[in-house]
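Reviewing the structure listed below.
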Amino acid sequence: MTLQFPNASRVFDPVRRCVTFWGHDSAFEVAFHLDADVLTRFSPQSGHDEAASLRTFDTNRQRIERAASGVYARRRQSFHRLSTSDF
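Everything in the sequence shown is counted per my numbering, starting at 1 for the first residue and increasing by one.
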């Protein structure tokens, strides 16, 4: 089965400096943390607060989900942290 992203939920975590989102492989939930550095790379001029981070995430959601799918295909784990090297 392939990884899908039926739930558009995402959460900004200022302590971990990431946005968390979830994918599903059949009945298995897979959590992803997207490093804030990735968001800065996507949109260098936007801020680092919650609203700006989530806006940048939403604008680049397809690209982020493609990268997440690729990372998951290489290592089927229940958690992945995505960094700039994954893009």
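Using N, Cα and C, we set each Cβ at its ideal position, and we do this for glycine too.
Buried/exposed call for residue i, threshold 16 Cβ in 10 Å
i      : result
Ala-67 : buried
Phe-79 : exposed
Enclosing beta strand (DSSP E) for residue i [first to last residue]
i      : result
Ala-31 : 28–35
Gly-47 : Note, Gly-47: premise wrong, no beta strand (DSSP E); not H, not E.
Pairwise C-alpha distance: residue j and residue i
i      : j      : result
Phe-28 : Ala-51 : 29 angstroms
Arg-81 : Gln-45 : 23 angstroms
Gln-4  : Asp-37 : 24 angstroms
Tyr-72 : Ala-31 : 10 angstroms
DSSP-derived helix/strand/coil call for residue i
i      : result
Thr-84 : helix
Thr-20 : strand
Val-15 : coil
Gln-62 : helix
Arg-10 : strand
Phe-5  : coil
Presumed contact (8 angstroms Cβ cut-off) between residue i and residue j, rounded CB distance
i      : j      : result
Asp-35 : Ser-83 : 5 angstroms
Thr-20 : Phe-42 : Contact flag wrong, Cβ pair sits at about 17 angstroms.
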